[in-house]
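Residue numbers (UniProt numbering): 1 to 906.
Quick reminder that beta carbons are idealized off the backbone N, C-alpha and C, glycines included.
To start, the structure under review is shown below, and the notes come after it.
Shown next as structure tokens:
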């Protein structure tokens with residue numbers, strides 16, 4: 001239960017927090033809470049700080065700024081201010097490297113980049129996993145035991161005949177190889193799909209157009225298979241994992257292939273015109289997709305070479321990996337795959353048997369589609385789209401594993417690791433959302449039957465003959481696994497990152513350890529059976545008690561039946577008695593109405609009301625004692641009822657005018673308040689939409705800046721970067737405060753945005769200026785909430801359970817927590833929480849735990865371990881229940897060893 005008491009003390013001089021327990025008004029609160037371990041928690045902790053060169057570097061949080069964190073980088077000792085969203089916790093183990101990143105303590109961009117860097121540089125390992133996703137970094141050198149891939153030597157042919165020969169020869173080779181493989185007797189197969197990565201150059205033509213369209217489709221498939229289906233599995237199995245939001249690129253795919261207005265359809269439509277022009281095609285694309293977020297004109301590019309292009313010469317497409325400007329000149333020629341009939345006839349008469357076979361006319365030709373005036377030959381784009389659709393359908397029917405190939409540097413130097421470049425590629429590949437999902441989810445899983453079949457052969461018969469689900473439950477119990485490391489679904493058991501390997505290692509031990517395991521299992525099974533026997537005995541006892549209870553209920557029914565018969569006999573007089581009692585209550589209503597009248601009316605009606613009330617009381621006594629016949633009592637009751645109705649109607653009519661005036665005034669006030677609420681809601685919604693659009697454009701500009709920056713770095717003089725227009729990659733690592741908050745601070749009396757955390761704390765403890773003190777308190781606790789929000793976002797489940805500055809039921813508005821029920825912290829332990837609020841902010845805090853020493857905190861010394869929320873933002877003021885007074889809090893404080901706080905007398 002929560003109890004709150006408020007008291008007020010006047011103050012003329014403002015001493016420090018440690019010396020003024022009641023300078024404004026105090027709130028004393030007590031709550032049941034989940035326990036947390038004892039020990040200090042400071043904001044000095046090891047984190048990954050963004051760096052424009054290395055991607056992420058180690059640093060220490062040294063201060064909490066207005067809307068950012070001050071971090072001292074360990075590589076150069078510089079202190080920078082960084083947004084909390086760009087900072088991630090780091091593991092203190094500096095030399096840890098793992099094959100699978102799911103085995104790391106923290107799953108974030110910084111840990112993924114550092115683990116890949118260490119394996120790549122120190123061990124020359126180019127492969128790293130994130131669950132079933134493989135990340136491959138090109139070493140630009142020969143790696144032992146690996147076969148280097150040769151670069152593709154084929155280039156796009158300009159001549160239609162050369163393209164036809166190459167295409168048909170390739171199809172013939174593939175068909176010949178497939179015939180030599182006995183697929184007819186195979187039920188399963190392993191296929192490898194190798195595609196070109198996302199391409200962006202200074203000059204991007206139709207080849208890059210098709211390759212990037214393919215990458216968009218495969219990225220969408222990646223999102224569906226890894227992110228969406230994984231979360232659907234969690235929901236289906238009932239695991240209760242929080243949903244992870246990810247960027248959806250379906251709108252970019254629609255820009256390519258939407259029927260009628262898609263770029264591929266418009267390109268084919270342009271080719272059917274008598275005089276097709278690339279400029280006309282570009283104009284149609286811009287006109288058909290006006291105000292499309294993914295499409296823009298070349299002058300919006302960040303490269304100088306693109307900004308000089310005309311609108312009808314290029315298309316600026318915002319892909320999932322960055323913005324690419326396509327020069328549409330040559331699109332029509334490269335999209336034309338038609339072969340002249342005379343050239344095809346020449347190849348059919350060739351003396352080379354292979355050529356005659358390649359160009360032999362098929363029995364039923366599906367290469368052309370007849371129309372009213374001409375033959376329509378499928379274009380390169382339409383063929384590519386249909387083949388890509390077939391590929392996606394085939395991938396959807398298979399079990400897919402992904403390999404993400406990464407370029408470690410732009411110069412192709414061997415064993416050189418460019419952190420910023422690698423990090424940008426990993427972000428473009430959608431690894432950020434995957435890391436968040438793996439960190440909060442269960443990447444390893446197995447079915448109950450599969451787990452049973454996997455280990456039943458190495459276990460003795462006492463365990464092997466159990467039911468699969470009971471078998472799994474038994475194993476997990478006797479092995480002593482933490483319940484937070486695994487979770488049972490409906491059909492499978494799911495493991496936290498790196499926990500399945502621990503389970504396998506615990507199970508596959510030597511015979512001596514296996515014998516101990518079997519003895520534990522037997523003991524657990526005996527306990528289960530004993531509890532079942534206890535439950536049976538308890539059920540018998542409960543049945544006996546139920547039989548006795550039913551006998552008591554039967555006697556109660558008999559008692560009520562006899563009372564009912566008696567009441568039926570005396571029902572007329574009893575009914576009349578109840579009516580007179582009700583009439584007496586109406587007499588009290590008359591008196592309450594008279595009390596509301598003015599002095600003149602009150603004196604006139606008072607005597608008549610008192611006389612009527614006395615008559616009703618006398619009639620009630622006569623009816624109860626049977627001193628009057630029933631008919632006479634009924635007649636007197638009717639007279640009293642008419643008299644009471646007459647008086648009440650007259651009184652109500654007299655008060656009606658007054659009530660009507662008050663109601664009209666209230667309605668006017670409500671209408672004014674409602675109009676103001678509607679205006680404020682419209683204004684807040686507009687501000688929220690503006691903020692969302694600004695954040696989206698800022699993220700897009702950051703990706704464009706990184707993309708253009710790497711392109712300029714790779715091309716050197718061939719690509720000139722417009723510095724004044726580019727939001728550099730390092731800008732995302734600097735502090736970005738909201739304009740609304742800055743304006744609010746500038747408009748206030750004091751601008752504290754540049755003050756350090758320690759300066760705010762010292763000012764609160766020493767200042768006597770009322771306005772400055774209140775401003776410092778507001779800014780100080782706002783920064784605490786900003787820091788704690790970042791820390792909670794990046795905490796593991798264990799850290800969340802240990803960091804409970806405010807009880808769960810106080811934050812969520814619950815009144816009680818059922819005993820023994822696990823809360824979100826996972827500990828399941830209960831305790832008591834006391835808070836002494838000085839104004840809006842907590843001044844003293846007490847935590848009582850059943851298994852450790854009490855914790856006493858004082859503002860100014862233990863702020864990071866205390867509740868950072870203002871009182872009005874917690875449900876404490878709304879809690880109802882037993883209140884504690886000030887001396888009760890002081891009694892608990894003194895009993896637990898707290899030093900008395902000196903009273904301040906003005």
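Item	Value
Out of 787, 833, 305, 884, which has the shortest C-alpha to C-alpha gap to residue 61?	787
Going along the chain, which residues of its own chain have a beta-carbon closer than 6 angstroms to the beta-carbon of residue 870, five neighbours each way excluded?	840
Roughly how many angstroms lie between the CA atoms of residue 441 and residue 418, to the nearest whole one?	30 angstroms
Rounded to whole angstroms, what's the CA-CA distance from residue 449 to residue 131? Just pull it up for me.	22 angstroms
I'd like to confirm the pairing. Which residues does DSSP put opposite residue 322 in its beta bridges?	319
Excluding the five sequence neighbours on either side, which residues of its own chain have a C-beta within less than 6 angstroms of the C-beta of residue 320, listed in chain order?	219, 249
Going by the CB atoms, is the gap between residue 781 and residue 868 shorter than 9 angstroms?	yes
Could you pull the DSSP bridge partners for residue 128 from this structure?	135
Within 10 angstroms of its Cβ, does residue 942 collect 16 or more other Cβ (buried), or is it exposed?	Past the edges of the chain, shown from 1 to 906, lies residue 942, and the structure says nothing about it.
Going by DSSP, what residues sit across from residue 706 in a beta bridge?	None; residue 706 has no bridge partner.
Within the present structure, is the beta-carbon of residue 243 separated from the nearest heavy atom of the ligand NAP by less than 8 angstroms?	The model depicted lacks the ligand NAP and carries no ligand whatsoever.
Below 6 angstroms CB to CB, which residues in the same chain sit around residue 400 once its five sequence neighbours on both sides are set aside?	225
Just how far apart, CA to CA, sit residue 285 and residue 207?	18 angstroms
How many angstroms separate the CA atom of residue 640 from the CA atom of residue 615?	8 angstroms
Given a cut-off of 9 angstroms on the beta-carbon distance, is the pair residue 432 and residue 223 in contact?	no
How far does the beta strand (DSSP E) with residue 402 in it reach, from first residue to last?	402-406
Pull the bridge partners of residue 89 from the DSSP assignment, please.	47
DSSP has residue 60 in a bridge; who is on the other side?	46, 72
Can you list, in chain order, the residues of its chain with a C-beta nearer than 7 angstroms to that of residue 606? Leave out the 5 residues immediately preceding and following it.	594
Which residue or residues does DSSP assign as beta-bridge partners of residue 80?	71
I'd like the span of the alpha helix (DSSP H) that includes residue 580, first residue to last.	571-595
Using a Cβ-Cβ cut-off of 7 angstroms (strictly less than) and excluding sequence neighbours within five positions of residue 443, which residues of its own chain qualify?	102, 131, 497
With C-beta atoms as the reference, is residue 265 less than 9 angstroms away from residue 294?	no
Please classify residue 885: is it buried, with 16 or more other beta-carbons within 10 angstroms of its beta-carbon, or exposed?	exposed
Counting beta carbon pairs with one atom in the stretch 227-240 and one in the stretch 485-493, are three or more of them shorter than 8 angstroms?	yes
Helix, strand or coil: how does DSSP classify residue 824 here?	With a pLDDT of 38 at residue 824, under the threshold of 50, the modelled position of this residue cannot be trusted, and the question is left open.
Check residue 332 in the structure and name its three-state DSSP category.	helix
How many angstroms separate the CA atom of residue 93 from the CA atom of residue 113?	15 angstroms
Taking the alpha helix (DSSP H) that residue 834 falls in, what are its first and last residues?	Not the alpha helix (DSSP H): residue 834 falls in the beta strand (DSSP E), residues 830-838.
Going by CA-CA distance only, name the one from 451, 476, 172 that's closest to residue 359.	172
So the beta strand (DSSP E) residue 847 belongs to, where does it begin and stop?	841-848
If we ignore side chains and look at the alpha-carbon of each, how far apart do residue 895 and residue 477 end up?	41 angstroms
Considering just the uninterrupted stretch of the beta strand (DSSP E) at residue 493, what are its terminal residues?	492-495
Thinking C-alpha only, which one of 835, 889, 864 is nearest residue 877?	835
Please report the Cβ distance between residue 589 and residue 648, rounded to the nearest whole angstrom; I am assuming they are in contact, meaning their Cβ atoms lie under 8 angstroms.	7 angstroms
With residue 487 as the anchor, note down where its beta strand (DSSP E) starts and where it stops.	486-488
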